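Okay, so here's the structure we're looking at.
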Amino acid sequence: MELATKCFYDILFEGIQKFLPRKIIEIDKYPKWYSPDLKKLINLKNKLYKRYKSSKCEDDYKQYAAVRKETNFLIDLCFLCYISSVVLTIPTNIKHVWSFINSLRKEKGISNTMLYENRSLDSPEDIANGFSKYFQSCYKTYHSEPSYSLTTASNLLLSNHSFTVDEIEKKILALDSNKNSGPDMIPPLLLKDCCYSLSTPLCELSFNTCCFPEVWKNFKLFPIYKAGDKCDIKNYRGISLLSSIPKLMESIITDELFETTKHLIAEEQHGFFRGRSTTTNLAVFCDFLSNNIEAGHQVDAIYTDISKAFDS
1 MELATKCFYD ILFEGIQKFL PRKIIEIDKY PKWYSPDLKK LINLKNKLYK RYKSSKCEDD
61 YKQYAAVRKE TNFLIDLCFL CYISSVVLTI PTNIKHVWSF INSLRKEKGI SNTMLYENRS
121 LDSPEDIANG FSKYFQSCYK TYHSEPSYSL TTASNLLLSN HSFTVDEIEK KILALDSNKN
181 SGPDMIPPLL LKDCCYSLST PLCELSFNTC CFPEVWKNFK LFPIYKAGDK CDIKNYRGIS
241 LLSSIPKLME SIITDELFET TKHLIAEEQH GFFRGRSTTT NLAVFCDFLS NNIEAGHQVD
301 AIYTDISKAF DS
């Protein structure tokens, strides 16, 4: 399986090197809402300012001041127009709205100095190691397998599952083309465009050999701020970015597991259950609550918050 995976990636990367065109994308130094006319005006303003600094002439200053005033007016106008366009996208593209909001925040990224276990971490390597140690400490190490029993689990077998081409193609086409590539550097857009050529047979081989390739286990870990002091590493939780191909296989197996085990899960379970959520949980609870209040019955509710539920 490891050899087959290596051959797969070698051939895929060889094709990328030979046939995919390359383009250098220039990063615009101006904000998104700057129009082409505004950019030209800013360049003109800068040229006039340099001319005035060199000549110290009053006429040059008046010309510069007039263009500066016009530039400031156009900046405000472009910003208002951009905000209006962003507001109009709220019903259809909420991610675009949050991207704009995040771009306005003054604090971006991780601080140059972080704290962990009463130690100040200054270098990027020390900060990365600090996050690594903290995220690792959130997980418990079991010296033996946890004991549990399911009396009705004797017939829960997935050994007869077969990864069909149609099934894999459907999963590939459902990928979000705008997502970044994972550690294997294969973007979802490439998989979607080549899905009919890449839909066989690695997943089937991995399942039949009970081997999950090492390259599929790699992931990028990003610290996401939760609450509290932003310089304290303990106030972050880790979000992992997986490669698209192992996510495809996990998604197929998850579908099979869900269909096989959903009858064992209590009707009251709403979290981590397909088609249910905190919204459906609240709707059921409110219905139960209102019915009992109308009937004159007492209702006691207990709420619990599990510490680091997603981290551990």
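1 is the number of the first residue of the sequence shown in the UniProt record's numbering; add one for each residue after it. Here a beta-carbon is modelled for each residue, glycine too, at the ideal position from N, C-alpha and C. Here the structure is a predicted model, which means the values were calculated and not measured.
Excluding the 5 residues flanking it on each side, P188 has same chain C-beta neighbours closer than 7 Å at L175, D176, S177, K179, S244, in chain order. With fewer than 16 neighbouring CB atoms inside 10 Å of its own CB, K262 falls in the exposed class.
The beta carbon of D37 sits closer than 6 Å to none of the beta carbons in its chain outside the five residues before and after it. Rounded to whole angstroms, the gap between the alpha carbons of L257 and Q17 is 38 Å. M114 sits in a strand when the DSSP states are folded into three classes. Between the alpha carbons of I293 and N112 lies a gap of roughly 55 Å. For R51, there is no enclosing beta strand (DSSP E); the enclosing alpha helix (DSSP H) covers residues 36 to 55. The Cβ neighbour count for F163, taken over all protein chains shown within 10 Å, is at least 16; the residue is labelled buried. In this structure L191 does not touch A4 by the C-beta definition: roughly 17 Å separates them, more than the 8 Å allowed.
Sequence-distant partners of E167 (beyond 5 residues in either direction) whose C-beta falls short of 8 Å from its own C-beta, in its chain, are I252. For I293, the enclosing alpha helix (DSSP H) has its first and last residue at 278 to 294. Boundaries of the beta strand (DSSP E) harbouring F222: 219 to 225, taken from the DSSP string.
Taking the Cα positions, S199 is about 22 Å away from F219. Taking a cut-off of 8 Å on C-beta distances, the region 225 to 243 touches the region 128 to 138, as three or more cross pairs fall below it. Where R119 is concerned, the enclosing beta strand (DSSP E) starts and stops at 119 to 121. The Cβ-Cβ distance between Y64 and Y82 does not fall below 8 Å. Secondary structure at S251: helix, using DSSP grouped into helix, strand and coil.
DSSP places S243 in the coil class of the three-state scheme, outside both helix and strand.
Take the alpha-carbon of K247 and the one of I302: they are about 36 Å apart. Straight through space, the alpha carbons of D229 and I94 are spaced by roughly 28 Å.
Under the three-pair Cβ rule at 8 Å, the region 29 to 45 counts as touching the region 73 to 92. If you draw a straight line from the Cα of R51 to the Cα of I42, it is about 14 Å long. The DSSP-derived three-state label of R237 is strand. Per DSSP, C138 lies in no alpha helix (DSSP H) and is assigned neither H nor E.
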